[in-house]
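Here is the structure we will look at, set down as structure tokens.
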Amino acid sequence: MTLSRRRLLTGTAGLLVAGVLTQVLPGNLAFAAPPLAAAVAPSASFRAISVTLTGLEQPDTLLAQRLYSWLHEHVPQLDSQLDTLSTLLQQQPAANGSTLLTLLSSQPKALNDLYQALVSGWYLGVVGPLPRPQCIAFENIVSYQRVRDWLLPPSYAPGQPNFWTQPPARRAHV
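The numbering used here numbers the first residue of the sequence shown as 23 and each following residue consecutively.
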């Protein structure tokens with residue numbers, strides 16, 4: 023295919039129009055918005071309660087930002103509720119599992135919902151009500167961090183493509 027003068031002029035005009043439009047359009051139309059995680063820095067009470075709930079000395083920073091940003095947007099008076107939940111957990115340090123759920127059921131519904139959102143966000147990477155929950159993380163959730171020495175996240179293959187079609191190099195003795 024030969025390059026005609028008409029094709030050259032049409033292509034040049036198209037590039038020129040695209041360049042002008044990127045300069046003229048407002049920034050929010052021409053470029054992607056910054057991620058929500060950068061909007062709000064997690065509070066000290068959020069970090070403390072996250073350490074308590076996850077059992078990790080240093081929970082994942084990006085997941086913490088995403089979870090806190092989501093909570094900050096959807097939970098009214100978040101910091102005061104976090105303080106209340108933190109106080110409740112400190113008063114009952116041995117409470118876990120069904121004991122903790124029973125204790126939380128006697129508290130206001132907003133506090134119980136906050137606890138459920140925190141646990142769901144850290145361990146499942148999913149927050150929000152059931153009709154349209156929002157995924158905020160996958161590979162860095164606490165559930166995978168706890169077993170990362172033995173298991174990979176479900177979508178990660180432990181070998182090259184089609185590795186399962188070849189017999190193993192050595193047989194496992196069971």
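Quick reminder that beta carbons are idealized off the backbone N, C-alpha and C, glycines included.
Quickly, what does DSSP pair Q156 with across the bridge? List them, please.
V149
Counting C-beta neighbours from all protein chains within 10 Å, is the total for L111 16 or more, i.e. buried, or is it exposed?
buried
On the CB-based measure, 16 or more other CB atoms within 10 Å of its CB, does G143 come out buried or exposed?
buried
Give a yes or no on whether the C-beta atoms belonging to L93 and N162 are separated by under 8 Å.
no
Quick one: residues in its chain with C-beta nearer than 8 Å to the C-beta of G103, no 5 flanking neighbours on either side, listed in chain order?
Note that residue 103 is Gln in the sequence shown, not Gly. Excluding residues within five positions, the ones whose Cβ falls inside 8 Å are V97, A132, L133 and L136.
Coil, strand or helix - E95 by DSSP:
helix
By alpha-carbon positions, which one of P180, L47, P183 and D105 ends up nearest to I71?
D105
Just to confirm, are L125 and A117 a CB contact at a threshold of 8 Å?
yes
Can you tell which of Q188, D171, Y90 and T121 has its C-alpha closest to the C-alpha of G147?
Y90
What separation, rounded to the nearest whole angstrom, lies between the Cα atoms of G77 and D171?
17 Å
Could you pull out every residue in the same chain whose Cβ sits closer than 6 Å to the Cβ of T24, ignoring the five residues on either side in sequence?
none
So, is Q87 buried or exposed, given that buried needs 16 or more other C-beta atoms within 10 angstroms?
buried
Residue range of the alpha helix (DSSP H) that includes I71
A66 to T76
Quick one: using the 10 Å Cβ neighbour count with 16 as the cut-off for buried, is V39 buried or exposed?
exposed
Have a look at Y145, R192, V62 and L140 and flag the residue whose alpha-carbon is nearest the alpha-carbon of V169.
Y145
In this structure, how does DSSP classify Q114 when only helix, strand and coil are distinguished?
coil
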